[in-house]
Structures are given as C-alpha cells and as structure tokens.
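Q:
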DNA sequence: CTGTTAGCGCCTTCAA
DNA sequence: TTGAAGGCGCTAACAG
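Chains as they are written, first to last, in this note's numbering: chain A, 2 to 340; chain B, 2 to 340.
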C-alpha cells in the first residue's frame, strides 16, 4: 500500500507537506503541489479513509435503519424509494449509508449500539416510527444525532423527524371520495400501532365528521401489514350488513391485495366500490385499476431526512424539529366519479 | 470519549492489558479481567471501530452496489429482498453493508473508486450484471474481492458470481405451459441486454424446440423494464396475426403491468391467455390472478453472495466461481390447466 | 501474566 | 512555504 510517506520520500518533501497538498492548502507553492500530485498519480496514491476518519473523529457515514428484516413489510417499494432519496443527497455531500441488517428488534438494537458506541457512524436515520422504541430511547439518552422518518409519538418536540401531514392527507383523500358522492366509506389500515396508520385514520374520520356523515359501525378494519394481502380485511367487509361504496386504504401495498381479493369475489373497482390509498409507489400506476392515491413524495422525504441528519452532524442549526413534506393527490382510476 | 488509556489508568494496568481483555486473551488472569471489565462498564467504555479498523487493515464492511438509482427498476422488491438475504449472513459475521448511492453510472463509478481505493470496504457485491461494465473492469484490474449477483457475460470463469440456472428455469416454466396444452407461446422480456433476460429466453426457446413447436414470428418482445409497465408489449401482442395462448414473462414486475393491460382490454388471465413469469416476489402472491412463477430464492441468493464475499475477504478458498441457487416453480393461478 | 514500545496512515500544531 | 513532532485509539511484537 502506498502511503503519504511514500509520496514524501519520492518527492523529497515531508509527509505533512503531502498532507497539505491533499487538502489543497493555500500556503503550499504551486510548484510543490504539481510535483507531489505527479508523484501521487504515478505511484497510485489514495488517501486511506479509515486513517483519515480516525483523526477527524468522524466517518461521514450514517446508519440507515430499516424495519427488522424479518418483517415482510420490507418488501414495500417505499424503502428502496426512500433509500434513493437519501442517497441522492448523501452522494453530493460525500456521505455514505451504512445499512442495518438485523432480523429482529433485538439484533437491530445490538447492531446500532455497535455503530453508535463504536463511533462507526456520525448519525442515524430511522426509517420507521414505532411506539416505545428502545432504539429511540437509547439514541436520545446518548444524545446521538438521529432523525426519524415518520412521526414519533413521544418527544415530538425534541426529535427531529420528517413526515407528511398524514391527518391532512387522510382528510383530503376522503373528501375526494365524499365530493364524488360516496357516503358509506370504510377504512382499512395497517398495524393499528403504527403512527402513520393512526394519523391517516384520524384524517379520514375528520372528513366524515365535517361532511356530517356518521361513521358506520365496524367499518374501520386493521390488517396485519402484508399478511395475506388484505384478504381478511375484504372478507370482513363482505360480512358487513351495510356494505361500503368506497374504501380508504392506508397503504398502496395493501390496496393491491384488497383489489385482488375483491376481484376474486367478482366485485370490481371502481364500478362496485371505489378505493383510494396512500404512497404512490410505482405499482399504483401499473396495476388495474390504476390507483387514485396520495403521493407522499417518498423520494423527497428521503432527501430531506438526509439533509437534516447531515446538518445535525455538522453542527448546523435546524430551524425546526418537524419537517413536513407536502403531499398531493394522484388522480387515477380507482374512484367512481360523479359525472 | 473514554479510551483504552482511561481504563488502563483507572485500573492501574497498561493499555495493552486492557486491549487483551477486550480480545479476551487467554493469558490474562481472571482477576484482572474482572477488574478491567468492571472499569469498562463503569466508565462506559466501547472500542473505537475506526481505530481498530486502522490497525487491522480491514473494515469488515462490504460495499453493496445497486443499479443506478435513477433506474426505476430499483423499485423492484427484488432488491430489498436480496438486501435482506445479504444482511442475514452479514449480521452473523458482524459485517456491515455500505450501500451505493450514485444516481448515474458515472457517479457510481466514482463512489466505488473512493470506497475501494480508500480501503473503506473489504469487498464489493454487485447486485446486477451489465455488459461491459467499467466497474467490473476496475475491480478486476485492482484485483479487489467482488462478487456479482447474476451472470457476467465476460470472464465467467474468473468472476465469482451467484446465479440461478436461468436457462433451465426458462425451460422448466415453458414446459409447464406446454404440458398443459399451450402451443402458441410468446415471450416478453426486459431489456434485451440483460443477461438474465437472455438466459430465460434461451430456455424458453429450447423448450419450444424440444417440444417440436416452431416459434411464431414476432412473438418475442422486449420491453423497457418498468417503462409503461409492459403496456407496449401487450399492445404489440394484440396486433399480432396469430395470438398467443400463453406468455412467458421474464419478471414478475413486468407481469403486473402486462396483466393489468390485458385486463383493460377485457382479456382475462388465465381464461383467455395463460401467463408465467420469474422471481416470486411478494406481489406475485397477492395480485389477481396469483402468478405461477419461478421462485428463484432471492433471499438465498443474497445470503450466498454474502457468504462468498466474506470467504474471499478472509482468504478462505471458494470451491467454485459459479454458485447456482436452485429454483422451483410456485404453481398458482395464472395458467389454464389441462384437466 | 503483564508492561513497554512501536506503528497502522493521516492531520495539525508549533517552530523555523 | 515547509518540516518535525505528537497524537487520533487501538493492537501486536517483544520483553520480562
């Protein structure tokens, strides 16, 4: 391995001079710079990042934590899309992403402990928000820089997080249904303890209330994310006395399963029932029918998280803890419109 | 920050002794160990990974390279699934994944150059196989440990890669169609220069030939991966003089689009046309109809790649360059069966 | 069983 | 404008 010393020797100057050339220090003569650079090129020198990190006391890498990989929801294209967003910003700043690999919560915790206590990362991005997450407690206690994608239920004023206004989003999309004459509107949500589910549901309820529509009984259903693809949810709906004429589904991925199951029962979207959901992943566009869904701008959520964590790691001030990414509705074909 | 020295001071022994305790060196008295460990606990000591990596000349982290993030195909759940597989093995071995973030090929190249030349990773896993990939040339030239997921077109004997037998897979799944009485079988593939597409197509052709079925003209169609979700492909098929009674699609993700488009034209799978494809991502199970598809064992591909690269990084011998993951067919409802 | 010394590759005062 | 020296935190060889 060719080191700074080799270059020093080759050019007859000292290691510190070479180091300065690398940093393009202004008080090194152009002449020396040329000479040193030539030698670096010739000998194939490249600075050792580990050594550099050691003295810098910083790695310019951020730990990116996914849900436990045992969790099927990991197959949600949401995650690759958000990684894309994070990467886009990181790349510009020469930061790296260290991905978590733990299969269970326990494994993940140990992993993060290693990263953080071992000073192997400068900060953490959590790609999900769980209730009473020990990882969050740990990070908070260590006063380690981290940002959450989504909304923390506790310590909201203290934890930097990037989120949509999911209540508003839920309200907006439900109103779209109402405006088109739908009155019996059900809600199918993912795990009931996910903050994002709660918020979207709240928006849905608000919209109904404001429209003077009294919610039907048993029309709010929670389904294990991805488990059996929303089949159970649909079956519950089919048993209802009063059938809905529209459904708000809290995630596009669940919608796929819901639509398929309806299809099997010979119920067509949107002719028989309208359906809307959230996220606007790639699939929403290509399945039949194409989904009317809230575009939450996943990529941008990622990019903003990246920006926030880098700011925190470089001691820049953040003007707010709660960073809201605006949503918009992608109107497509899963809603029966009023003429 | 509390270092090894602090512990040394606190316990009245030397730094090297502390270091030995960390390594659980057998020639340290139990007594000292206890004492040192107590101090570590009390002062909250944790080894600095960067420092350790510097002397070890190894980081135990592997660069995992995704397709350019500009590429829409990144939304394929294939990638999260393979990350899961890699992570599962890495975690056990205490290895980390450093994820690429480049949006373009150029950006990615520079990034890898940084990782590799800066000795920031011990090895590389490439999650795709491209023709004449400059990254591969670079890695080969530097003689840097790397493994490819998929099949390299060049230097196949030299490059460690983890792949399915895609020719066989293509043949198997096509034969399933033939056995069920299908005769006019089309092929829809992703980008024609992807090795995986080529192989699966080859298998398809072999099956036809062996069954004595002469391939129809213009029944092999390539569609930009994810672009317009296979719509064009379907439209091409609909213009054909002789319509197929079955289709082999090279990727589940494309199938989703293909099925939707057929649906719009009032053509039903499998009643009107049978369809099979490859990968067995989560979606294949929940869409309607559930796909009969080749389960290529994505998770296992990931795990095996992880195993291979770690072996290479730790100078263990690999018994072969080409590691084949067996496939199997997931029989579901997208094929019209012969009673 | 433990301490001393040196060094991994780099950067950064301090001095010249 | 440059060099010498020390140190980032840890490990490993060599002594004892």
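Yeah, the Cβ is synthetic: ideal placement off N, Cα and C, and Gly gets one too. For clarity, every value in this text was computed on a predicted model and none was experimentally measured.
1. In chain B, what lies closer than 9 angstroms to residue 76 of chain A by C-beta?
2. Which word fits residue 258 of chain B, buried or exposed, when buried means at least 16 other C-beta atoms lie within 10 angstroms of its C-beta?
3. Would you say residue 44 of chain B reaches chain A, if we count a Cβ-Cβ gap shorter than 8 angstroms as a contact?
4. DSSP beta-bridge partners for residue 183 of chain A?
5. Interface residues of chain A around residue 360 of chain B at Cβ under 8 angstroms?
6. By the 10 Å Cβ neighbour count, where 16 or more other Cβ atoms means buried, how is residue 50 of chain B classified, buried or exposed?
7. Hey, how far is the Cα of residue 176 of chain A from the Cα of residue 83 of chain A?
8. DSSP three-state call for residue 92 of chain A: helix, strand or coil?
9. Runs of 4 residues minimum, wholly inside the stretch 101-138 of chain A: which ones carry the alpha helix (DSSP H) assignment?
10. For the beta strand (DSSP E) containing residue 64 of chain B, list its first residue and its last residue.
11. Kindly say whether residue 61 of chain A, judged by its beta-carbon, lies nearer than 8 angstroms to any beta-carbon of chain B.
12. Does DSSP classify residue 190 of chain B as helix, strand or coil?
13. Who pairs with residue 98 of chain A in a beta bridge, going by DSSP?
14. Have a look at the DSSP bridge pairing and note the partners of residue 342 of chain B.
15. Do the stretch 287-297 of chain B and the stretch 164-174 of chain B meet, that is, are 3 or more Cβ pairs less than 8 angstroms apart?
16. Using a Cβ-Cβ distance under 8 angstroms, would residue 130 of chain B count as near chain A?
17. Between which residues of its own chain and residue 325 of chain A is the CB-CB distance below 7 angstroms, once the five residues before and five after are set aside?
18. If I measure Cβ to Cβ from residue 135 of chain B and keep anything under 8 angstroms in the same chain, skipping five residues before and after, which residues do I get?
19. When the cut-off is 8 angstroms and only beta carbons count, does residue 223 of chain B lie next to chain A?
20. Any beta carbon from chain A within less than 8 angstroms of residue 257 of chain B's own beta carbon?
21. Relative to the alpha-carbon of residue 276 of chain B, which residue among B:148, B:251, B:85 and B:313 has its alpha-carbon at the smallest distance?
22. Across which residues does DSSP place residue 278 of chain A in a beta bridge pair?
23. In the DSSP output, which residue or residues are listed as bridge partners for residue 150 of chain B?
24. Using CA coordinates, which residue listed in A:245, A:273, A:256 and A:327 is at the minimum distance from residue 217 of chain A?
25. Can you tell me whether residue 85 of chain A is buried or exposed? The criterion is at least 16 other CB atoms within 10 Å of its CB, across all chains shown.
26. Measuring alpha carbon to alpha carbon, tell me which of A:28, A:21 and A:54 ends up nearest residue 38 of chain A.
27. Can you pull the chain A neighbours of residue 47 of chain B, defined as C-beta to C-beta under 7 angstroms?
28. Which residues bound the beta strand (DSSP E) around residue 221 of chain A?
29. Is residue 318 of chain A buried or exposed, if buried means 16 or more other CB atoms sit within 10 Å of its CB?
30. Helix, strand or coil: how does DSSP classify residue 324 of chain B here?
31. Are the stretch 98-105 of chain A and the stretch 62-76 of chain A touching, with three or more C-beta to C-beta distances below 8 angstroms?
32. List the DSSP bridge partners of residue 248 of chain B.
33. Could you name the residues of chain A that residue 89 of chain B contacts, counting a contact when the two beta carbons are closer than 8 angstroms?
34. Note down the Cα distance separating residue 15 of chain B from residue 57 of chain A, rounded to an integer number of angstroms.
35. Which residue marks the beginning of the alpha helix (DSSP H) containing residue 205 of chain B, and which one marks its end?
36. CB residue 248 of chain B to CB residue 96 of chain B, shorter than 8 angstroms?
A: Inspection of the coordinates gives the following:
1. Position 75 of the first chain, counted from the start, is the residue given in the question as residue 76 of chain A. Within chain B, the residues near residue 76 of chain A are 78, 81, 82, 85, 282, 283 and 284.
2. Locating residue 258 of chain B in the second chain gives position 257, counting from the first residue. Residue 258 of chain B comes out buried.
3. Position 43 of the second chain, counted from the first residue, corresponds to residue 44 of chain B. No, no contact with chain A.
4. Here residue 183 of chain A refers to the residue found at position 182 when the first chain is read from its first residue. Per DSSP, none; premise fails for residue 183 of chain A.
5. This structure leaves residue 360 of chain B out entirely; chain B is present only between 2 and 340.
6. As a first step, residue 50 of chain B must be located in the second chain, where it is residue number 49. Looking at its Cβ environment, which holds 16 or more other Cβ atoms inside 10 Å, residue 50 of chain B is buried.
7. Taking the first residue of the first chain as position 1, residue 176 of chain A is located at position 175. Taking the first residue of the first chain as position 1, residue 83 of chain A is located at position 82. In a straight line, the C-alpha of residue 176 of chain A is about 28 angstroms away from that of residue 83 of chain A.
8. Locating residue 92 of chain A in the first chain gives position 91, counting from the first residue. DSSP places residue 92 of chain A in helix when its eight states are reduced to three.
9. 106-118
10. As a position in the second chain, residue 64 of chain B is number 63, starting the count at 1. Segment 62-66, the beta strand (DSSP E) holding residue 64 of chain B.
11. Translated into positions along the first chain, residue 61 of chain A becomes position 60. No, because no Cβ of chain B sits closer than 8 angstroms to the Cβ of residue 61 of chain A.
12. Here residue 190 of chain B refers to the residue found at position 189 when the second chain is read from its first residue. Residue 190 of chain B: strand per DSSP, three-state reduction.
13. Indexing the first chain from 1 puts residue 98 of chain A at position 97. For residue 98 of chain A, which the question treats as bridged, DSSP gives the partners A:63 and B:100.
14. With chain B represented from 2 up to 340, any question about residue 342 of chain B goes unanswered, as that position is not in the structure.
15. yes
16. Counted from its first residue, the second chain places residue 130 of chain B at position 129. With 8 angstroms as the cut-off, residue 130 of chain B does not count as an interface residue toward chain A.
17. Numbered from 1 along the first chain, position 324 holds the residue referred to as residue 325 of chain A. So the qualifying residues of the chain are 164, 165 and 166.
18. Within the second chain, numbered from 1, the residue matching residue 135 of chain B stands at position 134. These residues qualify, in order along the chain: 106 and 110.
19. By one-based count along the second chain, residue 223 of chain B stands at place 222. Chain A, which has no Cβ nearer than 8 angstroms to the Cβ of residue 223 of chain B, makes this no.
20. For the purposes of this step, residue 257 of chain B is taken as the residue at position 256 of the second chain. At least one chain A Cβ lies under 8 angstroms of residue 257 of chain B.
21. As a position in the second chain, residue 276 of chain B is number 275, starting the count at 1. Looking at the Cα atoms, B:251 is the closest of the given residues.
22. Here residue 278 of chain A refers to the residue found at position 277 of the first chain. Its beta-bridge partners are A:294.
23. Residue mapping note: residue 150 of chain B aligns to position 149 of the second chain, counting from 1. Residue 150 of chain B is bridged to B:163.
24. Within the first chain, residue 217 of chain A is the residue found at index 216, counting from 1. The shortest C-alpha separation from residue 217 of chain A is found at A:245.
25. As a position in the first chain, residue 85 of chain A is number 84, starting the count at 1. Burial call: buried.
26. Start at 1 with the first residue of the first chain, and residue 38 of chain A comes out as number 37. Comparing Cα positions, the closest option is A:21.
27. Position 46 of the second chain, counted from the first residue, corresponds to residue 47 of chain B. Chain A residues near residue 47 of chain B: 118 and 119.
28. Here residue 221 of chain A refers to the residue found at position 220 of the first chain. Looking at the DSSP string, the run of the beta strand (DSSP E) that includes residue 221 of chain A is 221-223.
29. Within the first chain, numbered from 1, the residue matching residue 318 of chain A stands at position 317. Exposed, by the Cβ-count rule.
30. In the second chain, the residue the question calls residue 324 of chain B occupies position 323. Note: residue 324 of chain B maps to strand in three-state DSSP.
31. yes
32. Position 247 of the second chain, counted from the start, is the residue given in the question as residue 248 of chain B. Looking at the DSSP assignment, residue 248 of chain B forms a beta bridge with B:187 and B:276.
33. As a first step, residue 89 of chain B must be located in the second chain, where it is residue number 88. 70, 102 and 104, listed in chain order.
34. For this step, residue 15 of chain B is matched to residue 14 along the second chain. For this step, residue 57 of chain A is matched to residue 56 along the first chain. Their Cα atoms are separated by approximately 26 angstroms.
35. Reading the second chain from its first residue, position 204 is the one you call residue 205 of chain B. Where residue 205 of chain B is concerned, the enclosing alpha helix (DSSP H) stretches over 196-211.
36. As a working mapping, residue 248 of chain B is identified with position 247 in the second chain. As a working mapping, residue 96 of chain B is identified with position 95 in the second chain. Contact flag unset, no.
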